[in-house]
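Line by line, the protein sequences give chains A, B and C.
Each residue of the first sequence is one higher than the one before, counting from 20 in our numbering.
Each residue of the second sequence is one higher than the one before, counting from 6 in our numbering.
Each residue of the third sequence is one higher than the one before, counting from 1166 in our numbering.
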Amino acid sequence: MRLAKLVGKVLVVVLLGGFLGATLVRFAPGFGIDEEELDIRLSDQSIRALRQMDAPKSNVVVFYLSYLRKMIGGDLGTSRTLERPVSRLLAERFPETLKSVGSGLALGWILGLSLAVAVVQSRAWYLNWLASFVVGVLLCLPAAVLALLFVVERVPARLLLSLVVFPKVFRYAQNLLERCAALPHVITARAKGLGNVRVMLWHILPPALPQLAALVGVSVSLAFAASIPMEALCDLPGIGQLAWKAALGRDVELLVNLTMIVALVTLLANSAGDLAGGVFQAGAP
Amino acid sequence: MKPARLIAIAILVLISAGCLLANLLAPAPYAHQFRDLTDAAPSHQHLLGTDDLGRDRFSRLLYGTRVSLLLAPAAALLASLLAGLIGGTAGFLGGRVERAVMAGTDLFLSLPWLFLLITVRALLPLNVSPVVSVMVTFALLGCLGWAGAARVICAGARSFSQSDFVLLARASGSSGFRLLWRHFLPNLKPVLFAQFWISVPVFILAEANLGILGLGVAEPLPSWGSMLRELESLSSLSAQPWQFAPLIVFVVVVTSFHLVLTRQELPA
Amino acid sequence: MKKPSLLFTFLILAACGTLAQSGGQLRFCLHSEPKTFNPVLMQDDASETIRYLTGGVLVRLNRQTQQLEPELATAWKIGDDGKTITFTLREHIRFSDGTPFSAADVVYTIEQLMDPALHSPTGDAFRSGEGKVQAEALSGNRVAIIFPAPISGLDKQFDQVAIMSARSPLKEMAVLGPFVVSENKAGAYLILKRNPNYWKHDANGRPLPYIDSVRLDIQQNRDIEMLRLTHGEVDFINSLDAEYFDKLASQNPAMVHDAGESLDSEFMWFNQSANSPLPAYKKAWFASTNFRRAVSGAINRSDLARIAFHGHARPAAGPVSPANKFWFDAKLQPHPFDQKAALELLAQEGFRFEGDVLHDRDGHAVEFSIITNSGNKYRERMATMIQQDLSGIGIRLNVVTLDFPSLLERMTRTFDYEACLLGLVNTDLDPNSVMNVWLSSSENHQWNPNQKTPATEWEAEIDRLMRAQASSLDPRQRKEYFDKVQEIAWQQEPFIYLVNKNALSAISPGVHNVHPVVLRPQVYWNIDEMSLTSEVARSH
């Protein structure tokens, strides 16, 4: 029953997301405009024909219903900007994004959490300062500069996402762990002479787990969102780059699909985070 | 007060004073192009050299700091308050309300809000002043930037609802708005400060990136974002270290914000 | 005479072998993903690159000499009426998949090109009048194409027509050019392999191309492209940004090439459309020739060329670049920078310059916005420089950068803009290619499109002259007509021409027989004769 409710919720939100996404694109300036119109070789007749191409999509409701009908049959539409079936584009590019997001999240969490643990554990002011400074620099550096540095130093561009995820994970985790470290039972544990590692693993981390689980969900959607400019900057052929091109070209068919994918991923990640948080909370003494 | 906080406060006061007094301190108008001195190195006349159009970098840094230092924290404050209100209330109420609000938040996170920004820009008159245009951009960023933090705050609020001090408050007869306002929301302050601290540079960089779509600050008004965009070119990553002055100021300000805001506030 | 030693002979042969080394993979970047491999529908830059590398054409415009040369056709004749062209085709040629090439393939290609449902831009260039274009195979190797009305410069148009096979099961993927698409990783790269059936040989009878394959990486980011060139990961950059030119020139001067002024121009114009929602007083400003001339005279074009383009551009005089040797009207000079003269012109129209602000005769302060596409740093710089220049005559200019679709919507649908700064990429030398810009009834007549009747006398005159040059077959007569068009454009300034950019490129020393030119494609126009040094060929 619970699972059915979750599936139902996901379905409603994803469908609503697709519709709202289509609406945002439809009413944005530049919808239905093709830069090929500026080709001075084209006759007036051809230009007028080009302008008519997006006319069937001008009514958002009609377009969306027709899109859903085709989707049930497995047809996700054709991208106007790349002139290829959307399903093929997604199948080609999704693995690349999964690799980038996966490696970015993994590395970002490892770095962020371990640094937060080290700072809280050591309680050394200089380590806190250093970590804050490094995180501050990373937050302030434009992604394009980071991308350039990666290319100059020949570091795989995929790892760029980890530098987006890491500062946020560190900052929230540090904050959370410090609050948990000040709880009475931790003070008691230290007073009883328990070692740092044991205190961290058994007394600080458990109460922090529900919120850390929530943070996992948020960081997944953050990583997905960050993959768009990252892939566009580094020319990685993932769905982030596809989303950027689709946005610039007002490619409503592609954007609806991408919005729904992002909505699905966000919902699933956050639901999983909530579920895990609930489990940790229930299991807490 | 810790010495670090004092230094951070002093730095922020100095930088704020500097940019507020930009009219007096700037050696040249920020828009004036010294066309015979483009890409010039620092000198007596131009403390940080000139940019590719011959504009004095130091003047642009002073005026740009004014724009970004006023608007980005305002947008971050707006986003943090919205996140606190929405996430905190959802976590406080729990149950179906929390689930519905979080589903709405997830939906909000998934939508391509870029098109809203483009639409708003299109609705503004073309001859609107650069200041109004950038204020609108930052206001929109503030209104759109709450969703990520709301989730984390909701999770935090949910865990507070089980804590001893809340149980004690309920037992004492506190409920509803009073419980939310007097006990819940103050304990969310550390998370909100963390969110605020992270949002400030994120919004400044977002303003810089939105410039690619024509949504940032309009010429000739400078901002940190537009100055940081200069660093995005390969030709700048070389023998002109003075170009990094805006980045250094940016990092110093953000770090100072962090040191000032993150006190050891702990729940009872 | 002493015979050369065996060792000496060997060394010479080895040197020749190194210089004209076969093999290896040439690598460069495309800035976007090609949308289609159908040569009839190709419109974007990336697809046109693929067409150039894989497509076989009947005649080829030599990009260096700007003269037409035989390719798949050994000879051609244009009828006296200018409506018919007859080609004699090379024999014993096969497509890349082995399908024989014949006149039937040319007929098929023309039918595809002229299909009204496809709206091919290349096809539209051939539409000379009402009526169908007919193609007829006169024999196995002779084909005639008949147009409903005469087309001047007809033969040169076939440089853009890649011949498709009528019979191959591979359809448009069977090609006649030097390379054939062998791998396409969507969004990442394409690999083109040598066409095993390519018909060309060099003077020594060696089959062309010398290079085994071409790798095209999809790389939109110009900074990363430049880095990859310096790391040796790509072999050349076809169109180099001016600031990278100077950076590379300081490191390795031999790598960079400035071929001089290209055919491209940057210009601005005022919105004179009757459908625009602008207030009447602004419409009156923009419709005034003196106003436009004054704005033009207040802009320092030399500074634009020197600063925005780092000296790799020249002030533009008119619609045709000096690189277009035949069609350029050498009598025209760029408008001089003279703010005093500009104010005098404005005074004639009743404008008053008071306290650093210009007012019109009704007291309105002269203020308007200029839109341009965001992300193009040259245009953003130019717009900012023009903003300062115009402040010198009391005009307040607001620079608004918009993303391209938003900009296009204002330009072509809502007409809700005041001035616009854009550029024109010219790929064709012939003025027929810009017919749709100059005809007042055209959709692409940017300052006031779609006029039912010409709004001004000078636009009516331009219409007459453009139609006259299009229907004349005498090149000298055509030049006279088109020179007059240029002179009217210079006087009336519906477009305020700013600069002609230089054609810049960067080429790795490992690539041989490269002669960068101004016509596109600047670097690889003779790709079938390019070669790599043995070290580079081995490392690739």
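Every residue gets a Cβ at the ideal spot worked out from N, C-alpha and C, and that includes glycine.
None of the values given here were measured: they were computed from a predicted structure.
As the crow flies, the alpha-carbon of residue 188 of chain A is around 53 angstroms from that of residue 1444 of chain C. The beta-carbon of residue 44 of chain A is placed no less than 7 angstroms from the nearest beta-carbon of chain C. In the structure shown, residue 1584 of chain C adopts extended strand secondary structure according to DSSP, grouped into three states. It is roughly 10 angstroms from the alpha-carbon of residue 102 of chain A to the alpha-carbon of residue 1199 of chain C. Across the set C/1282, C/1338, C/1606, C/1387, the C-alpha of C/1338 shows the shortest separation from the C-alpha of residue 1219 of chain C. By the neighbour-count criterion, in which 16 or more other beta carbons inside 10 Å mark a residue as buried, residue 1348 of chain C falls on the exposed side. The three-state secondary structure of residue 1241 of chain C, taken from DSSP, is strand. Contact between residue 116 of chain A and residue 259 of chain A holds, since their C-beta atoms are separated by about 6 angstroms, short of 8 angstroms. Think of a sphere of 8 angstroms around the beta carbon of residue 188 of chain B: no beta carbon from chain A falls inside it, the nearest being about 16 angstroms out. Put simply, the backbone Cα of residue 1225 of chain C is about 10 angstroms away from that of residue 1326 of chain C. In the pairwise beta carbon analysis, the stretch 1538 to 1548 of chain C is classified as not touching the stretch 1513 to 1521 of chain C: fewer than three pairs are separated by under 8 angstroms.
Taking 7 angstroms as the cut-off, the Cβ atoms of residue 213 of chain B and residue 161 of chain A count as close.
At a Cβ-Cβ threshold of 7 angstroms, residue 154 of chain B and residue 88 of chain B count as neighbours. Here the alpha carbons of residue 1454 of chain C and residue 51 of chain B stand approximately 41 angstroms from one another. In this structure, DSSP gives residue 1434 of chain C an extended state, which the three-state scheme calls strand.
Listed as beta-bridge partners of residue 1383 of chain C by DSSP are C/1195. Not flagged as an interface residue toward chain A: residue 1671 of chain C, since no C-beta distance is shorter than 7 angstroms.
Residue 72 of chain A counts as exposed, since fewer than 16 other beta carbons sit within 10 angstroms of its beta carbon. Under the Cβ criterion of 7 angstroms, residue 224 of chain B is counted among the residues facing chain C. Taking a contact to require three or more Cβ pairs closer than 8 angstroms, the stretch 1314 to 1331 of chain C and the stretch 1592 to 1605 of chain C qualify as touching. The beta-carbon of residue 237 of chain B is placed less than 7 angstroms from the nearest beta-carbon of chain A. The C-beta distance from residue 1670 of chain C to residue 1403 of chain C rounds to 6 angstroms, short enough to fall under 8 angstroms. Contact of residue 34 of chain A with chain C is not assigned, every C-beta pair being separated by 7 angstroms or more. According to the DSSP assignment, residue 15 of chain B belongs to the alpha helix (DSSP H) that extends over 8 to 25.
Under the three-state reduction of DSSP, residue 93 of chain A is assigned to coil, being neither helix nor strand. Chain C places no beta carbon closer than 7 angstroms to that of residue 62 of chain B, leaving this residue out of the contacts.
Closest by C-alpha distance to residue 1223 of chain C, out of C/1619, C/1209, C/1252, is C/1252. Residue 1605 of chain C has its alpha-carbon roughly 31 angstroms from the corresponding atom of residue 1549 of chain C.
Separation of residue 1233 of chain C and residue 1318 of chain C (C-alpha to C-alpha, rounded to the nearest whole angstrom) is 11 angstroms.
DSSP lists B/55 as the beta-bridge partner residues of residue 61 of chain B.
Judged by DSSP in its simplified three-state form, residue 1441 of chain C adopts coil rather than helix or strand.
Shown here, residue 1500 of chain C sits in coil according to DSSP, grouped into three states, outside any helix or strand.
In this chain, the beta strand (DSSP E) harbouring residue 1250 of chain C covers 1249 to 1254. Not a single CB atom of chain B sits nearer than 7 angstroms to the CB of residue 200 of chain A. Classified as exposed, residue 1622 of chain C has fewer than 16 neighbouring CB atoms from the shown chains inside 10 Å of its CB. From the beta-carbon of residue 131 of chain B, the residues of chain C found nearer than 8 angstroms are 1534, 1536, 1563, 1565, 1581, 1582, 1583.
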